[in-house]
Ligand SMILES: [Zn+2]
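Numbering (my numbering), first residue to last: 4 to 241.
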């Protein structure tokens, strides 16, 4: 088999996976109207596949997704890419181990983002996926908003992750905006977007029941995170 053929088939597989992931965002109620987008990357070729801008989820097909290089140059498409593409590209360049990014305006996570509150780790459901809070970015200044807003959104996320491992905290709230999630591939990124919405909902209700609740102790958080993701992970089937 020629490399050309296998390259083509892996890009077809990427298109199929990104299409399925975007439809999944919609089906799970994480993205209403045309809000939200998911992308995946072929690291070997440096090519990103993302949802086209403004196309309803019911009209998405693998063929109408947009493929670009890491600088945002369109490789194949008649449609414009999602306007959030520059944010995705900044994340792919900075976080070398991620293979997919998902952005939603899911209700509870977006409420936390609008309230400028990171989501504290209040229980083991959260600790199973995040080794700490779901962080929040700092406010962007006027110049960052006026020009290159989407790329600057990505840069604000990357700055927030200085000293943090993006695979141990696979998502973020962009203040006044909404969550971005990522993972090893696009399906994992969408799964993480759903998990962030779940922990945002749980944290909201937990604080309603007890406004004085505190984050769980480090030892309990680390136990839960590491039994699923640490070097000696033992959760689930091997
Ligand atoms: Zn958005």
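Virtual Cβ for every residue (Gly too), placed ideally from N, Cα, C.
Classification of residue i by the beta-carbon crowding that lies within 10 angstroms, buried from 16 upward
i, result
"residue 42", "buried"
"residue 90", "buried"
"residue 189", "buried"
"residue 127", "exposed"
"residue 177", "buried"
beta-carbon residue i near ligand 1 non-hydrogen atom, thresh 7 Å
i, result
"residue 151", "no"
"residue 181", "yes"
"residue 168", "no"
"residue 232", "no"
"residue 35", "no"
Reduced DSSP category for residue i - H, G, I as helix; E, B as strand; rest coil
i, result
"residue 219", "coil"
"residue 184", "strand"
"residue 14", "helix"
"residue 71", "strand"
"residue 105", "strand"
"residue 5", "With a pLDDT of 44 at residue 5, under the threshold of 50, the modelled position of this residue cannot be trusted, and the question is left open."
"residue 202", "helix"
"residue 56", "coil"
Delimiting residues of the alpha helix (DSSP H) encompassing residue i
i, result
"residue 91", "88-97"
"residue 148", "145-149"
"residue 114", "110-117"
Minimum Cβ-Cβ distance from residue i to chain B less than 8 Å
i, result
"residue 193", "Among the chains of the structure shown, chain B does not appear; only one protein chain is present."
Host beta strand (DSSP E) of residue i (start-end)
i, result
"residue 155", "Note, residue 155: premise wrong, no beta strand (DSSP E); alpha helix (DSSP H) at 152-163."
(message) Would you call the region 171-189 in contact with the region 115-134, where contact means no fewer than 3 C-beta pairs closer than 8 Å?
(response) yes
(message) I'd like to know if the region 21-28 and the region 61-74 are in contact, where contact means that at least 3 CB-CB pairs between them fall below 8 Å.
(response) yes
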